[in-house]
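Take the sequence shown: its letter number 138 is residue 138 in full-length UniProt numbering, and every next letter is one higher. Reading through the structure tokens given below for one structure.
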Amino acid sequence: MATKNSILMGTLGKYSDRFHTYQPARTFEERLAISKKTVGADGVEPVYPQDLGHEGEKVQIVKDSGLDVSAVNVNLKGEDVFRAGSFTNPDAGVRRRAVDYMKRAMDMSADFGANMISVCPLIDGSDHAFHVDHMAQWRWSIEAFEEVAAHNPDVKVSIEYKAYEVRNRIIMPSMGRTLHFCDRVGADNVGVTMDLGHALIEHESPASELAVAFDAGRLFYVHFNDNNRQADWDMPVASVNLWETLETIHYMDTLGYNGWIAYDVFTRAGNGPEAVGYTFETMDNLRALLAKIGPKKIKQMIESGDSALTTRDLIKALL
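Laid out in structure tokens, this is it:
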């Protein structure tokens with residue numbers, strides 16, 4: 001089974017920073033229609049509850065679109081009730097609500113046949129010293145994911161780690177911490193979403209972290225985008241870190257990852273939906289570039305350990 005391409009539904013709507021809005025707001029139905037027309041898109045990643053509705057009011061619309069669902073993205077930060085955290089909130093009632101959100105999303109994902117949710121705990125962590133009880137947060141997190149994993153062992157629970165934003169330091173900032181957390185939970189259906197941009201801002205080697213997660217049997221999902229390692233800009237794939245992106249694709253393909261790839265890509269200039277389509281084309285071109293270099297030459301570069309040789313041969317492949 002080859003990898004399949006998915007569009008994160010949020011990338012097709014309004015994109016704002018503190019100063020400007022760069023893309024128009026679009027309804028869920030409009031974003032689904034765009035996804036359906038995008039060449040290269042095999043499916044979508046809708047958000048619960050913002051896209052699908054608290055009670056699944058928009059589930060049938062997705063089914064009627066004919067698009068596959070790669071995963072249901074659970075948003076545990078967007079509502080004001082989660083301002084002080086979701087499954088790490090000091091209020092037990094809010095923690096219960098976060099767990100219930102994940103369970104409902106699992107039920108919807110099973111109904112779609114996706115059998116995977118992706119959760120990025122952006123509101124869980126701390127902003128400064130003595131801000132939170134770290135041990136309480138850690139234990140609440142383990143308890144939450146133990147319960148969620150047991151809700152339906154056939155549905156994967158994929159944790160998308162990130163170093164910071166919304167919190168200054170998120171409770172699962174890195175691949176290593178997240179894999180350790182998965183082991184502490186101890187459920188086979190708990191794993192990791194590796195977002196290439198998140199690995200970059202944590203100053204990780206994306207290819208290395210992908211390989212480690214794959215070896216652990218916990219690489220459930222991959223997101224592609226790019227940034228300058230300082231902030232999570234969700235830039236087009238390989239627009240900044242060409243070689244690291246190439247290396248990540250190389251390991252992803254040679255290790256045999258055959259799951260979904262979702263594209264978390266925004267553009268300030270130009271047409272947002274077109275940018276996603278260009279990203280699919282870019283990925284095809286990057287794979288063609290790897291094929292041009294060839295596995296023999298790649299093996300030679302790795303075994304030599306010679307940065308000059310590597311740089312020469314990579315640049316030659318571009319000519």
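Here a beta-carbon is modelled for each residue, glycine too, at the ideal position from N, C-alpha and C.
Going by DSSP, what residue range makes up the alpha helix (DSSP H) through HIS20?
No residue range can be given for HIS20, since it is assigned to no alpha helix (DSSP H) and is classified by DSSP as neither H nor E.
Taking 8 Å as the cut-off, decide whether the C-beta atoms of ALA98 and SER86 are in contact.
Their beta carbons are under 8 Å apart, which means ALA98 touches SER86 by this criterion.
Using 10 angstroms around the beta-carbon of GLY191, count the other beta-carbons present and answer buried if the total reaches 16, otherwise exposed.
Result: buried.
Distance, Cα to Cα, ILE302 vs THR310?
Answer to the nearest angstrom: the Cα atoms are 8 Å apart.
Reduced DSSP secondary structure (H/G/I, E/B, other) of TYR101:
In this structure, DSSP gives TYR101 a helical state, which the three-state scheme calls helix.
Evaluate GLY305 with the Cβ neighbour count: other Cβ atoms within 10 Å of its Cβ, from every protein chain shown; 16 or more gives buried, anything less gives exposed.
Label assigned to GLY305: exposed.
Tell me which residue opens and which closes the alpha helix (DSSP H) that VAL185 is part of.
First-last of the alpha helix (DSSP H) with VAL185: 175 to 185.
Tell me the start and end of each unbroken alpha helix (DSSP H) in the stretch 215 to 279 that is at least 4 residues and wholly inside, in chain order.
Correct list: 242 to 255.
Just how far apart, CA to CA, sit VAL148 and LYS103?
Rounded to the nearest angstrom, the gap between the Cα atoms of VAL148 and LYS103 is 6 Å.
If you run the structure through DSSP and keep just helix, strand and coil, what is ASN73?
Of the three classes helix, strand and coil, the one that applies to ASN73 here is strand, per DSSP.
Please look up how many angstroms separate the CB atoms of HIS198 and LYS162, rounded, as I've assumed it's under 8 Å.
Rounded, the Cβ-Cβ distance is 4 Å, consistent with contact.
Pick from VAL155, TRP138, ALA150 that is closest to PRO173, judged by C-alpha positions
Nearest option by C-alpha distance: TRP138.
When the Cα atoms are used, what is the spatial distance from HIS134 to ASN89?
Looking at the two C-alpha atoms, the distance is approximately 12 Å.
Length of the line joining the Cα atoms of HIS54 and ALA144
HIS54 and ALA144 have their C-alpha atoms some 20 Å from each other.
Check each candidate in ALA187, PRO121, ARG229 and name the one with the smallest Cα separation from LYS156.
With distances taken between CA atoms, LYS156 lies nearest to ALA187 out of ALA187, PRO121, ARG229.
From SER126, ASP107, ALA136, pick the residue whose C-alpha is nearest to that of ALA150; which is it?
Looking from the CA of ALA150, the closest CA among SER126, ASP107, ALA136 belongs to ASP107.
By the three-class DSSP mapping on this structure, what secondary structure does ARG167 have?
Three-state result, ARG167: coil.
Within its chain, find whatever has a CB closer than 8 Å to the CB of PHE280; leave out the 5 residues flanking it on each side and keep chain order.
Contacts found: ASN5, THR38, VAL39, GLY40, ALA41, TYR263.
Based on Cα-Cα distance, which residue from ALA231, THR178, ASP154, ARG167 lies nearest to ILE117?
Ranking ALA231, THR178, ASP154, ARG167 by CA distance to the CA of ILE117 puts ASP154 first.
I'd like the span of the alpha helix (DSSP H) that includes SER65, first residue to last.
Segment 59 to 65, the alpha helix (DSSP H) holding SER65.
Any non-hydrogen atom of the ligand ATP within 7 Å of LYS58 CB:
No copy of the ligand ATP appears in this structure; indeed no ligand is present at all.
Below 8 Å, can you find three or more Cβ-Cβ pairs linking the stretch 43 to 54 to the stretch 74 to 81?
In short, these stretches touch, since the Cβ pair count reaches three.
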